[in-house]
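There are 2 protein chains.
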Amino acid sequence: MSGLRFELETPVPLVDLDILDRNLARMAEYAAEHGLGLRPHVKTHKAPRVAREQARLGAVGLSCATPREAEVMASCHHDLLVAHPPVGLKAERLMRLPREVDLMVALDSAESIEMLVAAARRHDRSVRVLVELDVGAHRVGVPTAEQAVALARLVKARPPLVYAGVTFYPGHIRQRVEEQPRHIDRLRRDLTATLDTLRGAGLAADIVSGGSTPTAWQTHQIEGLTEIRPGTYVYNDRYTVAIGSCAREECALTVLGTVVSTAVPGQVVIDAGSKALGREPRVEEGQGFGELLDRPEVTVKAMNEEHGILDLSRTAWRPAVGDQVRILPNHACIVTHLNDVVCGLRGAEVVERYEVTARGR
Amino acid sequence: MSGLRFELETPVPLVDLDILDRNLARMAEYAAEHGLGLRPHVKTHKAPRVAREQARLGAVGLSCATPREAEVMASCHHDLLVAHPPVGLKAERLMRLPREVDLMVALDSAESIEMLVAAARRHDRSVRVLVELDVGAHRVGVPTAEQAVALARLVKARPPLVYAGVTFYPGHIRQRVEEQPRHIDRLRRDLTATLDTLRGAGLAADIVSGGSTPTAWQTHQIEGLTEIRPGTYVYNDRYTVAIGSCAREECALTVLGTVVSTAVPGQVVIDAGSKALGREPRVEEGQGFGELLDRPEVTVKAMNEEHGILDLSRTAWRPAVGDQVRILPNHACIVTHLNDVVCGLRGAEVVERYEVTARGR
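Same order as they appear, the protein sequences are chains A and B. Going by the numbering used here, the first residue of the first sequence is number 2, and it counts up by one from there. Going by the numbering used here, the first residue of the second sequence is number 2, and it counts up by one from there.
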């Protein structure tokens, strides 16, 4: 670690492109093997550089959370899902996406259907709609099959909206991978019942879109699923390692920081703080906001905006002012959102820089 | 609240310009009244719009944390303090600031002095140096007067560096205002001793720069102090209210969000999540990540990246999809860093938009 030296101003996110390539390929293979469409969520990278690779590897489409993400990703894939209810001015803004974009949105209320249909009619634009189901995450989505039927029926009655199917996010399944099967089993039963009810009402779902990175490798067990939407898998992070959804060697994103102070005994201060790493919790308390890539026993125990404090209590290593460190963050998606540019590595060489073009609004 | 309606896409930060004006004036008056120089930290706003006002109101200079902040603020004030050790490529980058900038940096190590002097000599540029003291925050700064003397001496021996004095950040004083006096009292005694030691060594500090927003209104009690560096006071936030450093009516910054889902019973979901509000803790646990400006009993109890979940357990209010809400965030500085543009209000009218120009790297 003490030999580490990049000619880069810090803090700056680094992406190991070899690992990124492997992560992209592995998920594409998993989806293909199980006959699932892969519609990666771009929130993790927000970068056309990565989205184009996902498209090249056969993604059926891309998932976006914001109008900005959709606008940027329109140049990478023509099939875009906006997986966030398009309420207020967002619906109008989405209608101004290039005409070649085949837009699909997820929603869970009559109000958002009416806003969307008004915008779609003003722009004479057909929009596919997925009815969002709450399968246990209790965030968005209708909790009952009857409500799903009612919304699907409403969509069908509101051209130019097109009822395309259902979507869900199993965000409640965040346990370690080996503890997931009983949750997945329950999800499968509930989903099957809802899909049956829809079918019985003449509202069979062509698209059943679900999944997350924590559950990614289990999603083939969910009958009826037609496509998956993992995001974090491209970079992975300390959280995905902690739950066993990836190996530590599959983490592509780190933040390069520099030791700026060793003045206070028993600790060192780096220039990566909450404005570079994000104040994201790990699965377990007390494990800090990140750990060194090559020294996992050294964690970022505290942060201010531009300061990270390394905990040296479990190491004999004593860095000097000016030494660089690579921090594996708790949550990759936040690091992306905090930074405008990512440096791509092959081995220890910075071979490219790419923009986080879709960050911001 | 239900009548609230801005023609804005959300989430977006709003700044009440009348409150901002009053906050700026009040701190300028406090500093003038006590004969203290005011060198506001720009990290909170990162906006030339606000920095120019601070300059107009008599700020002796501006404090910056990053080279980017210094570059942007060079157009607002000629006297800039970079209050973060300029280690690595940062020292070199600072030397490329416009020549009219009278640069000052804070540091706490011989290594950073040597890096800075090398850069300063390459660019034939005089740089004032403040030796950073640790007065109890245990982040950066030398803990003893003897170490301060040694660093000050080293600076004096390294032209074109100029020894200008000392600096400290009382980040450990984060208690409620009424519990601060004994901490301030200790700080005053320690600081006086250090300043005496420096003076005895022929290293009297012309500039003694310290303070924070939590301690802002107490800093006149610290003898020897020549200037203060509050940042958050321009906007204030839920934290500064909680410790009694400002009144709730003095909070200028809110985040405008829109209700996007009411599907899950007992809660509503807004489109402002961790990528708009930041996952910043409040003083006390369990109080969420923000509260509604007009309904403080409604808090943001949970977040995902683009979702905030409002806790409706202490209110009979039931908003509908499409309703807008204004959220008072826990920590204003993070909100600024997460957003590129701020909307300025007079009353309920958006009268301007200004850029957070100095965010990013």
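Quick reminder that beta carbons are idealized off the backbone N, C-alpha and C, glycines included.
Could you confirm whether any beta carbon from chain A is found closer than 9 Å to the beta carbon of residue i?
i, result
"A66 of chain B", "yes"
"R280 of chain B", "yes"
"Q325 of chain B", "yes"
"N24 of chain B", "no"
"M105 of chain B", "no"
"S176 of chain B", "Sequence inspection shows Gln at residue 176 of chain B; the Ser mentioned does not correspond to that position. Chain A contact via Cβ: absent."
"G89 of chain B", "yes"
"I185 of chain B", "no"
"E8 of chain B", "yes"
"E350 of chain B", "no"
Are the beta-carbon atoms of residue i and residue j separated by less than 9 Å?
i, j, result
"V342 of chain A", "R362 of chain B", "yes"
"V128 of chain B", "P161 of chain B", "yes"
"P266 of chain A", "Q219 of chain A", "no"
"L15 of chain A", "L346 of chain A", "yes"
"A111 of chain A", "L58 of chain A", "no"
"Y236 of chain A", "R50 of chain A", "no"
"P68 of chain B", "E306 of chain A", "no"
"M105 of chain A", "A33 of chain A", "no"
"L311 of chain A", "L329 of chain A", "no"
"E228 of chain B", "G38 of chain B", "yes"
"G287 of chain B", "P12 of chain B", "no"
"K44 of chain A", "A66 of chain A", "yes"
"P87 of chain A", "A119 of chain A", "no"
"A146 of chain A", "T198 of chain A", "yes"
Return the chain-ordered list of same chain residues with a C-beta closer than 7 Å to the C-beta of residue i, the five sequence neighbours on each side being excluded.
i, result
"D191 of chain A", "V136"
"R100 of chain B", "none"
"V102 of chain B", "A75, H79, L81"
"A29 of chain B", "L39, L58, G59"
So, for residue i: in the same chain, excluding its five sequence neighbours on each side, which residues have a beta-carbon less than 6 Å away from its beta-carbon?
i, result
"S262 of chain B", "V270"
"G309 of chain B", "I271, A273, G274, V301"
"S64 of chain A", "R40, H42, L82, A84, R230"
"V260 of chain A", "V269, I271, P320, V322, D324"
"V141 of chain B", "D109, E133"
"R360 of chain A", "K47, H338"
"V5 of chain A", "The question names Val, but residue 5 of chain A is Leu in the sequence shown. Closer than 6 Å at the Cβ level, and outside the excluded window around L5 of chain A, lie Q325."
Is there a Cβ of chain B sitting closer than 9 Å to that of residue i, yes or no?
i, result
"R94 of chain A", "yes"
"D109 of chain A", "yes"
"D238 of chain A", "no"
"G289 of chain A", "no"
"P266 of chain A", "yes"
"I244 of chain A", "no"
"C344 of chain A", "no"
"I310 of chain A", "yes"
"L131 of chain A", "no"
"T195 of chain A", "no"
Helix or strand or just coil, what does DSSP make of residue i?
i, result
"G203 of chain A", "coil"
"M2 of chain B", "Only weak support is given to the placement of M2 of chain B: the predicted model assigns it a pLDDT of 42, under 50, and the question is left unresolved by the model."
"A107 of chain B", "strand"
"A17 of chain B", "For the sequence presented, residue 17 of chain B should be read as Asp rather than Ala. Here D17 of chain B sits in strand by DSSP."
"L25 of chain A", "helix"
"D191 of chain B", "helix"
"Y31 of chain A", "helix"
"C65 of chain B", "strand"
"S113 of chain A", "helix"
"T255 of chain B", "strand"
"V141 of chain B", "coil"
Provide the residue span of the alpha helix (DSSP H) that contains residue i, from first to last.
i, result
"R97 of chain A", "Element bounds for R97 of chain A: n/a, residue is neither H nor E."
"A52 of chain B", "49-57"
"Q148 of chain A", "146-157"
"Y240 of chain B", "239-243"
"A359 of chain B", "Taken as a continuous stretch (DSSP letters only), A359 of chain B belongs to no alpha helix (DSSP H), as it is neither H nor E."
"A277 of chain B", "275-278"
Would you mind reading off the limits of the beta strand (DSSP E) that contains residue i?
i, result
"V270 of chain B", "268-271"
"E292 of chain A", "291-293"
"E350 of chain A", "350-356"
"T41 of chain A", "Looking at the sequence shown, residue 41 of chain A is not Thr but Pro. Neither: P41 of chain A is in no beta strand (DSSP E) and is coded neither H nor E."
"V209 of chain B", "208-211"
"R347 of chain B", "342-347"
"A165 of chain A", "162-169"
"I335 of chain A", "Taken as a continuous stretch (DSSP letters only), I335 of chain A belongs to no beta strand (DSSP E), being part of the alpha helix (DSSP H) at 333-339."
"P330 of chain A", "325-330"
Closer than 8 Å by C-beta to residue i: which residues in its own chain qualify, once you throw out the five before and the five after it? Chain order, please.
i, result
"E179 of chain B", "G245"
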